[in-house]
Amino acid sequence: MKESNQEQAKRLLKPYRKQIDALDDQILKLLGERFKIVRKVAKIKSEQSIPSFLHDRVVEVRERCAKLGLKYGIDPDFVRILYSTIIYQSCTIEDEIKHKLWKKK
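Here the sequence shown is numbered in the working numbering, starting from 810 and rising by one per residue.
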């Protein structure tokens with residue numbers, strides 16, 4: 810019986826998909842670790858009345874990562890968008906934690 814195009818594609822791509830899945834696991838693990846640190850930072854920012862969003866730091870992180878992305882062959886505009894999303898989520902986490910801590914006071 811002849812293999813369909815979809816079955817052939819699955820077979821050919823299977824080892825690469827496994828590699829991509831393993832890398833995705835690592836990326837998500839690292840993001841989880843990053844957000845654990847963000848939670849610690851949120852407590853410090855709350856105690857010291859520091860805003861969650863610090864524009865200069867956002868620009869610094871995005872540009873540092875955009876430059877680093879070039880080293881790995883990644884489009885710097887993509888990296889800026891990616892880090893804007895990561896930073897947005899970080900600020901959301903910080904705001905939620907700060908709000909909970911302020912409610913306790």
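Where is the CB? At the ideal position from N, CA and C, for every residue including glycine.
Note that the structure is a prediction, hence the values are computed from the model and not measured.
According to the neighbour-count rule (16 or more other Cβ atoms, all chains shown, within 10 Å of its Cβ), is residue i buried or exposed?
i      : result
TYR897 : exposed
ARG871 : buried
SER813 : exposed
Are the CB atoms of residue j and residue i within a distance shorter than 8 Å?
i      : j      : result
LYS854 : SER861 : yes
ALA875 : VAL867 : no
VAL847 : SER893 : no
In whole angstroms, give me the CA-to-CA distance for residue i and residue j.
i      : j      : result
ASP886 : GLY878 : 10 Å
LEU910 : TYR825 : 45 Å
GLN857 : VAL850 : 10 Å
ILE902 : LYS880 : 30 Å
ALA831 : LYS838 : 11 Å
GLN828 : LYS845 : 26 Å
GLN817 : ASP834 : 26 Å
ILE890 : LYS811 : 44 Å
ASP865 : LYS819 : 46 Å
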